[in-house]
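Report on one structure; see the data block that follows.
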Ligand SMILES: [Zn+2]
């Protein structure tokens with residue numbers, strides 16, 4: 041099954057395509073520390089698609105990352121940090137599931153900032169709300185500098 045079919049069917053039960061790159065494991069440890077119980081990552085390959093997904097099906101969250109490459113690119117870092125923000129927030133509690141709330145961006149945007157990704161996120165974050173907030177934070181940071 042390719043990554044797109046997995047996404048459409050929401051079936052991430054298969055084996056990963058690639059071993060999780062070391063830089064990604066390090067970023068997970070750096071962002072979450074040891075206290076939270078570290079999520080496992082399954083890394084899938086797709087020729088022209090990038091996305092991430094955070095699952096809370098078991099007691100520990102786990103992440104699916106789909107990417108053209110396992111290299112430490114800005115896109116891969118952004119996707120991983122976005123999913124780690126979901127891990128930090130935990131599963132949404134309300135019956136109406138909204139994942140990308142203002143609370144979410146309050147966690148996610150500082151992670152982008154800390155990793156030098158605001159400019160990238162302002163252009164390439166998949167969600168318009170994220171692009172807008174990254175651009176806003178970038179403008180604020182420039183004012184101070
Ligand atoms: Zn998300």
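Residue numbers (the numbering used here): 41 to 185. In this text, a Cβ means the ideal position worked out from N, Cα and C, and glycines have one as well.
To the nearest angstrom, report how far apart residue i and residue j are at their CA atoms.
| i | j | result |
| --- | --- | --- |
| residue 104 | residue 84 | 7 angstroms |
| residue 192 | residue 185 | Here the chain comprises residues numbered 41 to 185, so residue 192 is not present and cannot be evaluated. |
| residue 180 | residue 164 | 19 angstroms |
| residue 173 | residue 148 | 10 angstroms |
| residue 42 | residue 182 | 42 angstroms |
| residue 93 | residue 102 | 8 angstroms |
| residue 118 | residue 47 | 19 angstroms |
| residue 159 | residue 170 | 11 angstroms |
| residue 74 | residue 64 | 15 angstroms |
| residue 145 | residue 139 | 10 angstroms |
| residue 67 | residue 77 | 14 angstroms |
| residue 109 | residue 142 | 30 angstroms |
| residue 55 | residue 87 | 18 angstroms |
| residue 51 | residue 123 | 18 angstroms |
| residue 166 | residue 49 | 20 angstroms |
| residue 69 | residue 79 | 10 angstroms |
| residue 157 | residue 58 | 24 angstroms |
| residue 176 | residue 168 | 12 angstroms |
Going by C-alpha distance, which of the options is nearest residue i?
| i | options | result |
| --- | --- | --- |
| residue 89 | 171, 44 and 111 | 44 |
| residue 53 | 81, 72 and 75 | 81 |
| residue 96 | 65, 171 and 132 | 132 |
| residue 111 | 139, 68 and 60 | 60 |
| residue 113 | 178, 69, 161 and 143 | 161 |
| residue 178 | 58, 153, 123 and 168 | 153 |
| residue 197 | 50, 116 and 176 | With the chain represented from 41 up to 185, any question about residue 197 goes unanswered, as that position is not in the structure. |
Would you grab the beta carbon distance between residue i and residue j for me? Rounded to a whole angstrom, and I think it's under 8 angstroms.
| i | j | result |
| --- | --- | --- |
| residue 125 | residue 100 | Going by Cβ atoms, the distance from residue 125 to residue 100 rounds to 17 angstroms, so no, they are not a contact pair. |
| residue 155 | residue 129 | Wrong, their Cβ atoms sit about 18 angstroms apart, outside the cutoff. |
| residue 71 | residue 91 | 19 angstroms between Cβ atoms; not a contact. |
Go through the segment 76-145 residue by residue and report every complete run of the beta strand (DSSP E) that reaches 3 residues or more, in order.
80-85, 91-95 and 102-107
Go through the residues and name those whose CB comes closer than 6 angstroms to any heavy atom of ligand 1, in chain order.
122, 126, 139 and 140
At which residue ranges does the segment 141-180 contain complete alpha helix (DSSP H) runs of 4 or more residues, listed in the order of the chain?
142-154 and 158-164
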